[in-house]
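What follows is a single structure, written as structure tokens, with notes after it.
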Amino acid sequence: MLTLEHVAQSYGAKPVLKDISFSLRAGQIGCLLGPSGCGKTTALRLIAGFERIKSGAIYLDNEVIARPGACLPAEKRRVGLVFQDYALFPHLTVAANVGFGLGHLAAADRNNRIEEMLDLVGLTHEAGAYPHQLSGGQQQRVALARALAPRPRLLLLDEPFSNLDVELREKLSLEVRDILKHEAITALLVTHDQHEAFAMADVVGVMNEGQIQQWAPPYTLYHEPANRFVADFIGQGVFLPGEVLSDKQVAIELGVLDGRIPGDCASSGGCAVCGKGCKVDVLIRPDDILHDDASPMQAEVERKAFRGAEFLYTLRLPSGHRVLTLVPSHHNHAIGEKIGIRLDIDHVVAFRSAE
Amino acid sequence: MPGPEMNPVPTSIRAPFTGARFISLPASPWLATFPIALITAIPVVVLLGHLLHPDQAIWHHLWQFVLPELLANTAWLVLGVGLGVSLLGVSLAWLTAACDYPGRRFFAWALLLPLALPAYVTAFVWLGLLDFTGPLATWLRETWGIHWLPPIRSRGGVILVMVLALYPYVYLTARAAFQGMGPRLTEAAQSLGVPRWRAFFRVALPMARPGITAGLMLALMETLADFGTVSVFNYNTFTTAIYKAWFSMFSLPAAAQLAAILIFFVFVVAVLENLARSRRSYALSTRSSQMPARIALKSWGAWGAFAWSAAVFGLAFLVPVVQIADWAAGVYQQDFDARYLGFAWRSLLLSGLGALLVAGLALVLAYAQRLRPTPAMQFTARIASLGYALPGTVLAVGIFIPVAWLDNQLIDLFGLERQVLAGTLLIMLLAYCARFLAVGFGPVESGLSRITRSVDEAAQSLGVVGVRRLARIHLPMLRASLLTALALAFVDIMKELPITLMTRPFGWDTLAVRVFEMTSEGEWERAALPAAVIVLVGLLPTYWLIKHTEHAHT
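Chains as they are written, first to last, in my numbering: chain A, 1 to 355; chain B, 1001 to 1554.
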């Protein structure tokens, strides 16, 4: 459906995208997730056709839409866009905004389509209103309806919920996902907010410094991050030093962990690079550590943050390393107190230590 | 993989264009803006060329008999007006922005009203009032036996009238700067032990300086460009000398020589203004929505502030307007005839056509700059809108010379009987465009900048580009800005005197020309009738300006 092949882009001497490749199947919702300046917006603008591609190629429906020197203009791509600031036309009513891209239709067909779209996003009663009379969430939905009205082959969403408050953001992202799935729209979302990405997307590409670090479903990103950047960027956690015992075991100060050792430290005969005894850093998520008063393993509460249903404790291990843990909020411990903890790790995530 | 492909030779991987669906190189919008910049650039270049190749005989004559007086007069004028407008503008701006006293709310906007009066109108009213035969002098003489009045026909008189007409420029920018600061900084100074009135000199005034300087330079530009006021007073400056050289001595080279020298002074002021404007940002960056806690003036302080504001308002606006109304009413019966319909019609036609042209060119310029914001484009736009610094007399000469040359070429080439370009409406309108393009460019550019790039891209992604996007998105969203540009240019052209006077086709008298002719004969009452129309029309954009600067704060 949508395929990017070795896409690279630079502004002057500064590379912004370095060799990006991925593809989306029809009906799939993808997401490019990364910190600001990682190149995700540039990728979106290249797909939309607002920038000329320097190298690589972009395909839509098996047709090349962009390659160096040959670029289908944005207005001919049939790619819909929802902008971060919505970019509604302030001088047009909601209905006229939605109908803006339907100039090729006869008046009756156009009105039918506008009605259909407003119905889809639940704004039938606001058809005659002007954008400034609507709430942020309503403007967002007008923008979506306007982009979907001409039946685009692909929908792009640029930080679509960043202007909304947190509660509305979650509600609306699920709502938009339902609409897209219902209409079987292929979509690509760009955001720096992982909650938004996880709520919306089937598959997420984590980007940093112009490269896709990992292209995988959200679950995989969290539990099997491909590298340190992804591990750091997605979710919370700390690294503890460990030592590889075999290809199934790694020892850290909290005990010996069983499980496959992913990455370049794993091979059939222990560590592929240095053999047995290779030093690694093991990712410990807050949900990997459980509070257990009966456990002999003790750690000192160094900081705590009340989160309502739970506390996020920063614990100091006897070695001086710190770990995080989420504990139900009826376990209220004072700072400086020692509490018992226990490890509960499904997937061991370890990376070779920097020498 | 990304090794050798990272630095591709563009031609080697350029794919062949597959049909018309792929964009080809778009025609450069710069090509559209370049001729617009030429309208301003050619006169300047032509005149500066005269400075490089001076005619020895003319130069000698000028240097011996003309320049000493012009330089002295201009220096005194610039000095006096500069000091005067700073004193009036800053003091009134601070009083209305930071203090509270009876009438403050009224004076805050009313002190801008003199902007609606062309300086040459204020000038002839005061001349007429204080003349020996004028109403004030006659009344003093007959009622009180007072025979002495301050001599208005003097250097001091010109300076005073110009100060009264031009102080609003400084008032406007200084007031914006004072208001933009908000109360925080003076409060901080007070908390550090500096009393409020000293905080004005130590904090507020230094911070407002770039804004004040910008306003001051605008006022000085107007001073150097002024032709009407100084001619009413018979006070010789460069502009009157250029006019005389051309129309009395019929020496175009001498006029060009003088114009080139004047350009020099004007550009010094224009550069200073640009510097001040670029530094003004720090005064506005701390903009706070909070109302400043005003200093409540008491007893004689309050009455002093009131008297000062009332005096300036009365002398600069109320007295001239009432006097014009009185005179105009007096001569209306005998003077108003069919010729007046002609003056008004021609003023209307010229201002209307000129304003349409200015707004149209401003739109082309601003739109091209939006499509292709390259350095070359920025530079071109800058040149094109530089004409506001050029005095009308200079532009008239600078445009006439190349047009006359072109006419002669055409005569040689096609064996024409006479000149076809010089003295036509087209040339007049071009001169207006050069002078007032900046007036239209400002609102259009700021209006366009409020349309975000994503709005353009939204239209594009929905398949609407080019002219259709301009018609369906940009023009409707720009309507208010275009109307502003039209209104401002309309009024400025209506008030304009020297370009109209020097480039008009034979017999094309307008309201402004009528004012000039009546005043040069000392017929103040009869000058009041056309002046009244100009003032009434001028009040419209002044009202608009007041509405836009005031409603944000009060």
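Cβ coordinates follow ideal geometry from the N, Cα and C atoms, glycine included.
None of these values were measured; they are calculated from a predicted model.
According to DSSP, is A/Ala-106 helix, strand or coil?
coil
Would you report the Cα separation of B/Ser-1285 and B/Gly-1180, rounded to the nearest angstrom?
Low per-residue confidence applies at B/Ser-1285: pLDDT is 42, beneath 50, and the placement is therefore not dependable enough to give any value.
Buried or exposed for A/His-132, please, with buried defined as at least 16 other CB atoms from any protein chain shown within 10 angstroms of its CB.
Residue burial is scored here from C-beta neighbours: A/His-132 has fewer than 16 other C-beta atoms within 10 angstroms and is therefore classed as exposed.
Under 7 Å by beta carbon: chain A residues contacting B/Pro-1135:
Residues of chain A passing the Cβ test: none, with the nearest at roughly 53 Å.
Using three-state DSSP, classify A/Met-297 as helix, strand or coil.
coil
Quick check: B/Ala-1613 and B/Ile-1058, are their CB atoms within less than 7 Å of each other?
Outside the displayed range of chain B (1001 to 1554) lies residue 1613 of chain B, so it cannot be described from this structure.
Three or more C-beta pairs under 8 Å: does that hold for the region 1097-1112 of chain B against the region 1294-1304 of chain B?
yes
Determine the contact status of A/His-331 and A/His-291, defining contact as a CB-CB distance below 7 Å.
yes
Could you tell me whether the Cβ of B/Gln-1460 comes closer than 7 Å to any Cβ of chain A?
yes
Option in A/Ala-187, A/Asp-281, A/Leu-168 with minimal Cα separation from A/Gly-136:
A/Leu-168
Quick one: grab the DSSP three-state call for B/Lys-1547.
helix
Straight-line gap, B/Tyr-1432 to B/Thr-1138 (C-alpha atoms, nearest Å):
For the pair B/Tyr-1432 and B/Thr-1138, the Cα-to-Cα distance works out to about 41 Å.
Proximal chain B residues relative to A/Asp-109, where beta-carbon distance stays under 8 Å
Chain B residues near A/Asp-109: none, gap ~16 Å exceeds 8 Å.
Spell out whether any CB of chain A is found under 7 Å from the CB atom of B/Val-1467.
Proximity of B/Val-1467 to chain A, defined by a Cβ-Cβ separation below 7 Å, is not satisfied.
Should A/Ile-335 be labelled buried (16 or more other beta-carbon atoms within 10 Å of its own) or exposed?
By the C-beta density criterion, A/Ile-335 is exposed, having fewer than 16 other C-beta atoms within 10 angstroms.
Can you give me the C-alpha to C-alpha distance between A/Ile-58 and A/Val-176, rounded to a whole angstrom?
26 Å
Residue from B/Ser-1154, B/Leu-1130, B/Thr-1519, B/Val-1161 whose Cα sits closest to the Cα of B/Ile-1146
B/Leu-1130
Would you decide whether B/Gln-1409 is buried or exposed? Buried here means 16 or more other CB atoms lie within 10 Å of its CB.
exposed
Three-state class that DSSP yields for B/Val-1465 in the structure shown:
coil
Supposed close pair B/Gly-1440, B/Lys-1495 - CB separation, criterion 8 Å
With a Cβ gap of about 15 Å, B/Gly-1440 and B/Lys-1495 do not count as contacting.
Helix, strand or coil at A/Gly-12 according to DSSP, with G and I counted as helix
coil
Cβ-based burial, A/Val-348 [other Cβ within 10 Å; buried from 16]:
buried
So the candidates are A/Leu-154, A/Ile-185, A/Leu-120, A/Asn-112; which of them puts its Cα closest to the Cα of A/Gln-138?
Nearest option by C-alpha distance: A/Leu-120.
Ordered along the chain, which non-local residues of its own chain (more than five positions away) have a Cβ less than 6 Å from that of B/Ile-1451?
Met-1477
Please confirm if the region 1499-1509 of chain B is in contact with the region 1413-1432 of chain B, defined as three or more CB-CB distances below 8 Å between the two stretches.
yes
Segments of 3+ residues assigned as beta strand (DSSP E) that fall wholly inside the region 27-77 of chain A:
29-33, 55-60, 63-67
Can you list, in chain order, the residues of its chain whose CB lies under 6 Å from that of A/Cys-31, leaving out five sequence neighbours each side?
Leu-189, Ala-197, Ala-201, Val-204
Compute the beta-carbon to beta-carbon distance between A/Glu-159 and A/Thr-186, rounded to the nearest angstrom, for a pair I have assumed lies under 8 Å.
Not confirmed; about 19 Å, so no contact.
Given a threshold of 16 other Cβ atoms within 10 Å of its Cβ, counted over all protein chains shown, does B/Trp-1063 qualify as buried or as exposed?
exposed
If the criterion is Cβ atoms closer than 7 Å, does the pair B/Thr-1542 and B/Ala-1214 meet it?
no
Given that a residue counts as buried once 16 or more other Cβ atoms are within 10 Å of its Cβ, and exposed if not, what is B/Met-1221?
buried
Answer yes or no: do A/Val-82 and A/Leu-157 have a C-beta to C-beta separation smaller than 7 Å?
yes
Residues bridged to B/Leu-1448 (per DSSP)
Bridge partners of B/Leu-1448: none, in fact.
Determine which residues of the region 1498-1516 of chain B have a Cβ less than 7 Å from any Cβ of chain A, and write them out in chain order.
none
Quick check on A/Ala-305: buried or exposed, where buried means 16 or more other Cβ atoms within 10 Å of its Cβ?
exposed
Going along the chain, which residues of its own chain have a beta-carbon closer than 6 Å to the beta-carbon of A/Asp-19, five neighbours each way excluded?
His-6, Ala-8
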